[in-house]
């Protein structure tokens, strides 16, 4: 078992003929992901790399290929529309890699996705990988190893750094999920922690947070109450400058709780082992396993 | 991107929110002329994007046009929180009866625009929230239906017992909600929302923050950007497609990805150093971005060492290496450089660096230790 994706994942790539979409579609196919379709309006009928059929709409792709998962690489200006389309076409899992979607667009996208019963990961995320099984997104496959550690992170390259630390010390991963760095995202820490807690292949969990918002604190509460597996955490931004916030109303919503110090304290209080630096991940996991 | 008070007031006025008159001056003589038109009794307000302008001496009442000119002379050119004042707003001094607060922000937790109102406005609203939370009223708005009239009216009554004033406030709230989606705001605040001596409800001061991701599709809003109100390095960085925030230390940091950039700064501190900046070169790097990054970092005389931490994903190691080599040909480095390079195309990148006489490290901790030593 793994989390969210596995061998039954049938993937449609939205924006498959674009620069990023075509590059990463090739990488995913090489990794063994079942890429069953691509979508680029106006290029329906073509074949990507002479094999993967390209459709004008997601609905056609789903009808013809039974795709159940979508990954989005389209430009920010049309990315919200791409998420609407995927959710409207019976896609169960939507992963949006695109960075730069206006937050107000997401206030309309999220209730729509929820009503259609789909799960959205991202936007502005690196996607996810179940090493040796399937990869959806842009996490470099060569730094991952199959194993028992579940990784969930708000970051991109910092996630690679942590995965790299794990793999080079022989600690493989069950699934690594990048949930995205935007203020409004479809899947949060708690969703991923719950999935890892229920996953028989995951023995321990690494969560990587950062400053801003209160997601990490709520995740810590969840860990304390519901997660029996060892959890190790990191918060980036201990030296981030204070005062870069969104006016008074932002401060009212988050108070001082958006700081790294507050988040690290909340994690520690919930029994999560807190890293001071990325290289601490391996010794802390060894202590807890 | 934050707008100036006068820009925010213009937007509110165009959306039908009652805003008292006021004009912008860039010289003391202009301020005097405006004050004369308003009858002499005016307030002169520094137009900088910093809080507590009043405490810093950037807001002054004048009893005559001559006094307005003198105040403008004092305020224009002064610096508030490191920002130089280039413009003042001159507005008639209002007879204020009450001051309230109305704000809208997109809330991460409810994932909705949240309306926040308080009858205790005009002052530091954070303090109100901390000390008297019962004076803060919130409503998460369902974006599918918008702010409904009965919801707005209920909040209007939280501010005023008089039905006319409550209705006026409700109307302002609905229009402010419209402003948020019309201009792509991540924050829209009226503080204070006042009642004047004759009982009318008006937006005296306004603040609007625009989501940077909205600017591409809203050129008319992007045109409101005032580069003179920003640090020059941050302007240069943005124009080069980089995210840069200046800090007080001496270790220049150049990293791909915001999370790794913050973790790198934290590690610099962990090993006893102080980061000079946050600098994210972003995803798909091209060598020109790296050249721009080096140019910005080396323009700060406090920077004693430059640290690159690159974990290639979309960013390619050879692109970064080419950028470093190209930059050091254009302007020779006067400070040492420590490079950590791993991930996509690391072999190609390391080869390029070694041919140019640079060394590259594979480990993040090793690189930071070397930079701090």
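Chains as they are written, first to last, in the working numbering: chain A, 3 to 291; chain B, 2 to 374.
All residues carry an ideal CB built from backbone N, CA and C; glycine is no exception.
Owing to the predicted nature of the structure, the values given are computational and were not obtained by experimental measurement.
Task: Best match in 275(A), 201(A), 134(A) for proximity to residue 226(A) [C-alpha to C-alpha] - done: Within the first chain, numbered from 1, the residue matching residue 226(A) stands at position 224. Here the closest residue by C-alpha is 275(A).
- [ ] Compare the C-alpha of residue 321(B) against each of 297(B), 298(B), 264(B), 349(B) and name the closest.
- [x] Taking the first residue of the second chain as position 1, residue 321(B) is located at position 320. With distances taken between Cα atoms, residue 321(B) lies closest to 349(B).
Open item on the list: 7 Å is my cut-off, CB to CB: does residue 319(B) come that close to chain A?
Closed with: Within the second chain, the letter at position 318 stands for residue 319(B). So no, residue 319(B) is outside the interface.
Open item on the list: Rounding to the nearest angstrom, what Cα-Cα distance links residue 163(A) and residue 312(B) in this structure?
Closed with: Reading the first chain from its first residue, position 161 is the one you call residue 163(A). Reading the second chain from its first residue, position 311 is the one you call residue 312(B). Roughly 7 Å separates the two Cα atoms.
TODO: May I ask you to check if the CB of residue 215(A) is nearer than 6 Å to at least one heavy atom of the ligand HEM?
DONE: Ligands in the displayed structure: none, and consequently the ligand HEM is not present.
Open item on the list: Counting only beta-carbon separations shorter than 7 Å, does residue 215(A) have a partner in chain B?
Closed with: Stepping through the first chain from its first residue, residue 215(A) is reached at position 213. With 7 Å as the cut-off, residue 215(A) counts as an interface residue toward chain B.
Task: Min CB distance residue 245(B) to chain A below 7 Å - done: Here residue 245(B) is taken as the residue at index 244 of the second chain, counted from 1. Chain A, which has no Cβ nearer than 7 Å to the Cβ of residue 245(B), makes this no.
Open item on the list: Tell me the rounded alpha-carbon separation between residue 293(B) and residue 324(B).
Closed with: Taking the second chain and counting its residues from 1, one reaches residue 293(B) at position 292. Taking the second chain and counting its residues from 1, one reaches residue 324(B) at position 323. Distance between the alpha carbons of residue 293(B) and residue 324(B): 9 Å.
- [ ] Using a Cβ-Cβ cut-off of 7 Å, state whether residue 109(A) counts as contacting chain B.
- [x] On the first chain, position 107 is the one that residue 109(A) refers to. By this cut-off, residue 109(A) is an interface position.
Task: Residues near residue 24(A) in its chain [Cβ-Cβ closer than 8 Å; skip 5 each side] - done: Taking the first chain and counting its residues from 1, one reaches residue 24(A) at position 22. Contacts found: 18, 50.
Task: Within-7 Å CB hit, residue 251(A) to chain B - done: Here residue 251(A) is taken as the residue at index 249 of the first chain, counted from 1. At residue 251(A) the pLDDT is 49, less than 50, meaning the model places this residue with poor confidence; the figure from the coordinates comes in the next sentence. At least one chain B Cβ lies under 7 Å of residue 251(A).
Open item on the list: Please give the ranges of any beta strand (DSSP E) in the segment 86-115 of chain B, keeping only runs that are unbroken, at least 3 residues long and fully inside the region.
Closed with: With a minimum length of 3 residues, the continuous beta strand (DSSP E) runs that stay inside the segment 86-115 of chain B are 89-93, 97-108.
TODO: Please name the residue or residues paired with residue 280(B) in a DSSP beta bridge.
DONE: Residue numbering aside, residue 280(B) sits at position 279 when the second chain is read from its first letter. The partner list for residue 280(B) (beta bridge, DSSP) reads 245(B).
- [ ] For residue 106(A), decide whether its Cβ has a neighbour in chain B, counting only Cβ atoms nearer than 7 Å.
- [x] Position 104 of the first chain, counting from 1, holds the residue named residue 106(A). With 7 Å as the cut-off, residue 106(A) counts as an interface residue toward chain B.
Task: Beta-bridge pairing of residue 1(B) - partner residues as DSSP gives them - done: Nothing about residue 1(B) can be read from this structure; chain B reaches only from 2 to 374.
Open item on the list: At the 7 Å Cβ level, is residue 264(B) part of the contact set with chain A, yes or no?
Closed with: Your numbering for residue 264(B) matches position 263 in the second chain. So yes, residue 264(B) belongs to the interface.
TODO: Kindly list the residues whose CB is nearer than 6 Å to the CB of residue 341(B), restricted to its own chain and excluding five residues on each side of it in sequence; keep chain order.
DONE: Taking the first residue of the second chain as 1, we reach residue 341(B) at position 340. So the qualifying residues of the chain are 310, 362, 365, 368.
- [ ] For chain B, find out if any of its Cβ atoms is closer than 7 Å to the Cβ of residue 240(A); answer yes or no.
- [x] Counting from one through the first chain, the residue named residue 240(A) turns up at place 238. Yes, residue 240(A) counts as interfacial toward chain B.
Task: Limits of the alpha helix (DSSP H) - the one that residue 114(A) falls within - done: Within the first chain, residue 114(A) is the residue found at index 112, counting from 1. DSSP places residue 114(A) in the uninterrupted alpha helix (DSSP H) bounded by 105-117.
Open item on the list: For a contact defined as C-beta to C-beta under 7 Å, what are the partners of residue 278(A) on chain C?
Closed with: Looking at the structure shown, chain C is missing, and the protein chains on hand are A and B.
Open item on the list: Using DSSP's beta-bridge definition, name the partner residues of residue 210(A).
Closed with: The residue labelled residue 210(A) in the question sits at position 208 within the first chain. Residue 210(A) pairs with 155(A), 236(A).
Open item on the list: Short of 8 Å Cβ to Cβ, which residues in the segment 151-167 of chain A face chain B?
Closed with: Cβ proximity to chain B below 8 Å picks out 155, 156, 157, 158, 159, 160, 161, 162, 163, 166 from the segment 151-167 of chain A.
- [ ] Could you spell out the range, first to last residue, of the alpha helix (DSSP H) harbouring residue 323(B)?
- [x] The count along the second chain starts at 1 and reaches residue 323(B) at position 322. Here the alpha helix (DSSP H) through residue 323(B) covers 318-331.
Task: Span separating the alpha-carbon of residue 36(B) from that of residue 69(B) - done: Stepping through the second chain from its first residue, residue 36(B) is reached at position 35. Stepping through the second chain from its first residue, residue 69(B) is reached at position 68. If you draw a straight line from the Cα of residue 36(B) to the Cα of residue 69(B), it is about 7 Å long.
Task: Status (buried if at least 16 other CB within 10 Å, exposed otherwise) for residue 347(B) - done: The residue labelled residue 347(B) in the question sits at position 346 within the second chain. With a 10 Å radius around the Cβ and a threshold of 16 neighbouring Cβ atoms, residue 347(B) comes out buried.
Open item on the list: For residue 130(B), count the other beta carbons within 10 Å of its own beta carbon; 16 or more makes it buried, fewer makes it exposed. Which is it?
Closed with: Here residue 130(B) corresponds to residue number 129 of the second chain, with the count starting at 1. Looking at its Cβ environment, which holds 16 or more other Cβ atoms inside 10 Å, residue 130(B) is buried.
- [ ] Drop a sphere of 10 angstroms on the beta-carbon of residue 57(A), count the other beta-carbons inside from all chains shown, and report buried for 16 or more, exposed for fewer.
- [x] Sequence index remark: in the first chain, residue 57(A) carries index 55 (1-based). The residue in question, residue 57(A), is buried, as its Cβ has 16 or more Cβ neighbours within 10 Å.
Open item on the list: Check for me: the beta strand (DSSP E) holding residue 55(A) runs from which residue to which?
Closed with: Taking the first residue of the first chain as position 1, residue 55(A) is located at position 53. Residue 55(A) -> beta strand (DSSP E) spans 54-57.
Task: Proximal residues of chain A, C-beta to C-beta of residue 180(B) below 8 Å - done: What you label residue 180(B) is simply residue 179 of the second chain in a count that begins at 1. Chain A residues near residue 180(B): none, gap ~12 Å exceeds 8 Å.
Task: Three-state secondary structure (DSSP) of residue 234(B) - done: If you number the second chain from 1, residue 234(B) lands on position 233. Residue state, collapsed to three classes: helix.
TODO: Would you tell me roughly how many angstroms separate the C-alpha atoms of residue 289(B) and residue 254(B), rounded to the nearest one?
DONE: Locating residue 289(B) in the second chain gives position 288, counting from the first residue. Locating residue 254(B) in the second chain gives position 253, counting from the first residue. Distance between the alpha carbons of residue 289(B) and residue 254(B) is about 17 Å.
Open item on the list: If I measure Cβ to Cβ from residue 261(A) and keep anything under 7 Å in the same chain, skipping five residues before and after, which residues do I get?
Closed with: Within the first chain, residue 261(A) is the residue found at index 259, counting from 1. Scanning its chain for C-beta atoms nearer than 7 Å, with the 5 sequence neighbours on each side dropped, one finds around residue 261(A) the residues 213, in chain order.
Task: Separation of residue 20(B) from residue 5(A), as counted between CA atoms - done: What you label residue 5(A) is simply residue 3 of the first chain in a count that begins at 1. What you label residue 20(B) is simply residue 19 of the second chain in a count that begins at 1. Distance between the alpha carbons of residue 5(A) and residue 20(B): 54 Å.
TODO: Below 8 Å on the Cβ atoms is my guess for residue 287(A) versus residue 173(A); work out the distance and round it to an integer in Å.
DONE: Here the question's residue 287(A) lines up with position 285 in the first chain. Here the question's residue 173(A) lines up with position 171 in the first chain. Yes, they are in contact, since the Cβ atoms of residue 287(A) and residue 173(A) sit about 6 Å apart, within 8 Å.
Task: Span of the beta strand (DSSP E) around residue 196(B) - done: For the purposes of this step, residue 196(B) is taken as residue 195 along the second chain, with counting starting at 1. Judged by DSSP secondary structure, residue 196(B) falls within the beta strand (DSSP E) whose first and last residues are 186-197.
Task: Between the CA atoms of residue 114(A) and residue 22(A) - distance to the nearest angstrom - done: By one-based count along the first chain, residue 22(A) stands at place 20. By one-based count along the first chain, residue 114(A) stands at place 112. Whole-angstrom Cα-Cα distance: 26 Å.
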